[in-house]
Each structure stands twice: as structure tokens, then as C-alpha cells.
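Numbering (my numbering), first residue to last: 16 to 240.
To start, the structure under review is shown below, and the notes come after it.
Pasting the structure below:
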């Protein structure tokens, strides 16, 4: 059964809703809600957001590498992805984009909801959560960055109280080009799961070097679009 509602009635309903909202907001002084930044909160932000943790972490760092190449004007330069194997049980993404200095590394990777891509329409990420997704699949991961002749490595890990921590473990001059490398240790029994997810995720990218082939099914689907 189809019910017809007059325009006058719709306008009246809208006026009632608006008046109700105004009355609610004007009855007293509002108070901002707070947030307790404890182990539970950080666990939700780093871990609880993802139902498929391997796919989420791989997607975040792969798209971060692509975004960095976009910002550096290197769309046609391949970034590198290492899929975990039993002999080399780690996931790694290396880009050759803008790089980050020590202060940027600490700020971006150690501060939730902070992103350096919020003003770009060409970037895939901007929520400031993806760079911490390594803690959803591991208790620790490392990030090495080169920018303007300086190379730094930070370890990001869960502290004894469960809260995320960062520690600079290397800082020196280098003649290597700019870029960021993220490495996450992987349990050998999880390698096949990582392979499946990475094979699908790299399909949309024309310029990527990986130690496994793109998923032929998804690659074929994309080519027909």
C-alpha cells in the first residue's frame, strides 16, 4: 500500500523536529564528553576497528606508499611490497616518496587521528589511524624513513600497560633517496593468509614490485571495468 503525504505535512514535521532540537539544545548548558586514554581505548583504535586485521594492515601501508608517491610526483615509480614467507616471515612496504624526518615520524605514527593527508584529494587515507594498524597484527613493528640526507628508524610497540609506545633506535646521515619502509613481523602460520590478502590488494596498482603475483581473478575483473 502506497501512502501519500502532503508537502504541508512534511514541512510541519520538519518544523517540529527543528523546534524540538532547538528546545533540547537551549534547556541548559552543554558539557563536552571526555575520553579515558587507557589500554582499552588504544586497543580499540589499533585493533578493534578491523575485522580482517591482515587485510587492513596491508591495505593501509600499501595505500600509504602509493599516497607518498603521489605527493612526490612519482606515480609511475614502483613501490615495493614484501609478502611474508616461511623463510622470511615479515610484511614490508617500501616507498620512494617524500619521506619523513624524525619529528614527523614521531608525530604522525605516535598520534592518533593525526594525518598529513587531510588537505589532499588525491590521497587515499586521511583519518590518522592507518599508520598505527601494525599494532593490530603484531606487538611491535619498525618504520625507517629517509628524508633530505638523514635516516631514522623507530620501533613502535605495546608497552607493559598495553599502551602504544615509540622509540628511536637509529639516526644517521645517508646518501640514500627519500622514502619510508614499514616492516611488521609475521607468525609463520599466518603467511598464507597474508599472501591471499596482498595478492588481491596490489591488483589496482600498475606500478608495484612484489615477491608474489597479483591475484589473476581480481586483476581480470579490474581490466574489464
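For glycine and all other residues, C-beta sits at the position ideal for the given N, C-alpha and C.
Source: prediction; values computed, not measured.
- Three or more beta-carbon pairs drawn from the stretch 107-120 and the stretch 85-92 are found closer than 8 Å, and the two stretches are therefore classed as touching.
- Just measuring C-alpha positions, the residue of 157, 102, 188 sitting nearest residue 197 is 157.
- Between residue 237 and residue 187, the alpha-carbon positions lie close to 43 Å from each other.
- Residue 204 is classed as exposed because its beta carbon has fewer than 16 other beta carbons within 10 Å across all chains shown.
- Contact check for residue 75 against residue 148 passes: the beta carbons are separated by less than 7 Å.
- In the same chain as residue 125, and ignoring 5 residues on each side of it, the C-beta atoms closer than 6 Å to its own belong to 181, in chain order.
- Residue pairing for residue 121: DSSP places it in no beta bridge.
- Going by C-alpha positions, residue 232 is about 44 Å away from residue 175.
- Residue 162 places its beta carbon less than 7 Å from that of residue 116.
- The alpha-carbon separation between residue 77 and residue 96 amounts to approximately 8 Å.
- Selection 206, 104, 159, 201 evaluated against residue 184 yields 159 as nearest (Cα-Cα).
- Close CB contacts of residue 194 within its chain, under the 7 Å cut and outside five residues either way in sequence, are with 109, 110, 111, 112, 114, 161 (chain order).
- For the pair residue 151 and residue 235, the Cα-to-Cα distance works out to about 31 Å.
- In the displayed model, residue 79 falls within a helix according to three-state DSSP.
- Among the bridge pairs identified by DSSP, residue 101 is matched with none.
- When the Cα atoms are used, residue 79 and residue 101 turn out to be separated by approximately 26 Å.
- Under DSSP, the beta-bridge partners assigned to residue 167 are 160, 186.
- Scanning 118, 86, 81, 154 for the CA closest to the CA of residue 202 turns up 154.
- Straight-line spacing of the CA atoms in residue 121 and residue 67 works out to 27 Å.
- Its Cα nearest to that of residue 199, the residue 106 stands out among 99, 106, 98, 240.
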